[in-house]
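Have a look at the structure below before the remarks.
There are 2 protein chains.
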Amino acid sequence: MLRVTKLADYAIVMLTCFASHGGATHNARDVAREARLPLPVVSKVLKRLTREGLLTSHRGIRGGYGLARQPHEITVADIIRALEGPIAVTECADKVKGDCGLETKCPVRANWHMINQAIHGALGKITLAEMARPLQQQYVNISEPLSTGQSGTTSAQVL
Amino acid sequence: MLRVTKLADYAIVMLTCFASHGGATHNARDVAREARLPLPVVSKVLKRLTREGLLTSHRGIRGGYGLARQPHEITVADIIRALEGPIAVTECADKVKGDCGLETKCPVRANWHMINQAIHGALGKITLAEMARPLQQQYVNISEPLSTGQSGTTSAQVL
DNA sequence: AGCATTTTGGACTGATTTGGTACTATTTTG
DNA sequence: CAAAATAGTACCAAATCAGTCCAAAATGCT
């Protein structure tokens, strides 16, 4: 669990196709074929990504979709947020005003908020450009925050 | 989105109660009163936590629940996993054998797996002991891994 | 032995979310 | 004007989630 929805998953696969093709425009049918996903689903996701500003669209007989920004300017967090709304691990993590009955004295809430920020930060650091080229693995540095070295890069703990 | 279920949220609140009371045993009714949650829900969560090995239980008239391990030996990842199963951001992130039709040539899969590990690592680093004492905020250091300072502690980006 | 209390396990239900499809409009090109 | 493509929305089936309830087993106490 702690799942991302399938639609967000599809979105990342689809956007990866765009990124690996140098930002050319594709129509929904081509994307569906390349991503091997049913056309209605692809169409739905593309529409939503466009409305959220990650893609640009052109209608008409030669229309299609294209990336609105450079691949390295689109993060995984952007994509998830576009399809699922704000990233909030718990219900009270994104609310300013807590109304869970435990509001002020709930010691867990502040911690949740921080965990949420941590995850959000991790997802916001991975760009589409990095997702497009496989097995590029030096962009996340979450593990061992206070124990071992902090040499800045290339310390991602994979597997 | 990217939500944790309410049950897991409750579980953390409830376990925090145990931790802040020095590991004494409480029965379901007392936990419900302290956590201000309905008794059936509390009971359900306690049962599951026991079955997953995070709590020990004693039946009978003086029975109740107690932490199976020390608070600093129980992580948030443990708790989430107990209530929701393995932490997997996407469906293919925890499978060894992918059957999504894109298996081998899917470049996104490996990256998802790494993202998953990153989140898992973050949640596995926060213990119940740290959740119990509020606003202790130097245990996560996810943000700014390669940009600004990395002084080891107290660089968690809160808010 | 018997009783009150507590956990255990499962089933069950209503609500919400998700995945996916369909249909109708609107825009653009030729 | 016709064809092709996107835009928007509505819709439905399936899955998941939240919460409740009940009967059974275990335990301690008198």
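Protein sequence lines, in the order shown, are assigned to chains R and E.
One point on numbering: in the working numbering, the residue at position 96 of the first sequence is 1244, and numbering is uninterrupted.
One point on numbering: in the working numbering, the residue at position 113 of the second sequence is 1261, and numbering is uninterrupted.
Beta carbons are placed, not taken as given, at the ideal position from N, Cα and C, and that holds for glycine.
Query	Result
Would the segment 1184 to 1194 of chain R and the segment 1218 to 1229 of chain R be scored as touching if the rule is three or more Cβ pairs under 8 angstroms?	no
Does residue 1269 of chain R come out as helix, strand or coil in the three-state DSSP assignment?	helix
Output yes if chain E places a C-beta closer than 8 angstroms to the C-beta of residue 1157 of chain R; else output no.	yes
Whole-angstrom Cβ separation of residue 1156 of chain R and residue 1276 of chain R, contact assumed at under 8 angstroms?	Residue 1156 of chain R to residue 1276 of chain R, Cβ: 13 angstroms. No contact.
For residue 1310 of chain E, collect the residues of the same chain with a Cβ closer than 6 angstroms to its Cβ; drop the 5 residues on either side in sequence, then sort them by chain order.	Residue 1310 of chain E is absent from the structure shown; chain E starts at 1149 and stops at 1307.
Starting from the N-terminal side, write out each stretch of the beta strand (DSSP E) that is 3 residues or longer and does not extend beyond the segment 1163 to 1198 of chain R.	none
Whose C-alpha, out of R/1280, R/1207 and R/1262, is nearest the C-alpha of residue 1176 of chain R?	R/1207
Measuring CB to CB, does residue 1231 of chain R end up less than 8 angstroms from residue 1196 of chain R?	yes
Is there a Cβ of chain R sitting closer than 8 angstroms to that of residue 1201 of chain E, yes or no?	no
CB residue 1238 of chain R to CB residue 1190 of chain E, shorter than 8 angstroms?	no
Could you give the DSSP three-state label for residue 1215 of chain R: helix, strand or coil?	strand
Taking a cut of 9 angstroms between CB atoms, which residues from the segment 1203 to 1221 of chain E lie near chain R?	none
Among residues of its own chain, excluding the 5 on either side of residue 1263 of chain E, which ones have a beta-carbon nearer than 7 angstroms to its beta-carbon?	1237
What separation, rounded to the nearest whole angstrom, lies between the Cα atoms of residue 1270 of chain E and residue 1159 of chain E?	18 angstroms
Using the rule of at least 16 other Cβ atoms within 10 Å of the residue's Cβ for burial, across every protein chain shown, is residue 1209 of chain R buried or exposed?	exposed
Are the CB atoms of residue 1150 of chain R and residue 1222 of chain E within a distance shorter than 8 angstroms?	no
Using a C-beta cutoff of 8 angstroms, does residue 1170 of chain E count as contacting chain R?	no
Is it the case that the CB of residue 1224 of chain E approaches a heavy atom of the ligand SAH more closely than 7 angstroms?	Absence of the ligand SAH is noted for the structure shown, with no ligands found whatsoever.
Which residues in the same chain as residue 1215 of chain R place their Cβ atom closer than 6 angstroms to its Cβ, once the five residues preceding and following it in sequence are excluded?	1166 and 1171
Can you find a CB in chain R that lies within less than 8 angstroms of the CB of residue 1271 of chain E?	yes
Which residue marks the beginning of the beta strand (DSSP E) containing residue 1203 of chain R, and which one marks its end?	1203 to 1206
At a Cβ threshold of 8 angstroms, is residue 1150 of chain R touching chain E?	yes
What does residue 1235 of chain R reach in chain E if we use C-beta pairs closer than 8 angstroms?	1149 and 1150
Locate the alpha helix (DSSP H) running through residue 1209 of chain E, then write down its first and last residues.	Careful: residue 1209 of chain E lies outside any alpha helix (DSSP H) and carries neither H nor E.
Output yes if chain R places a C-beta closer than 8 angstroms to the C-beta of residue 1179 of chain E; else output no.	no
Have a look at the DSSP bridge pairing and note the partners of residue 1275 of chain R.	R/1223
Answer with buried or exposed for residue 1164 of chain R, where buried requires no fewer than 16 other C-beta atoms within 10 angstroms of its C-beta.	buried
Along chain R, which residues have their Cβ under 8 angstroms away from the Cβ of residue 1232 of chain E?	1149 and 1150
Can you confirm whether residue 1274 of chain R, when its beta carbon is compared against all beta carbons of chain E, has any partner nearer than 8 angstroms?	yes
From residue 1162 of chain E to residue 1211 of chain R, what does the alpha carbon distance come to, in whole angstroms?	55 angstroms
Once you ignore the five residues that flank residue 1204 of chain R on each side, which residues in its own chain have a CB closer than 8 angstroms to its CB?	1198, 1213, 1214, 1215 and 1216
Determine the DSSP secondary structure at residue 1257 of chain R, reduced to helix, strand or coil.	helix
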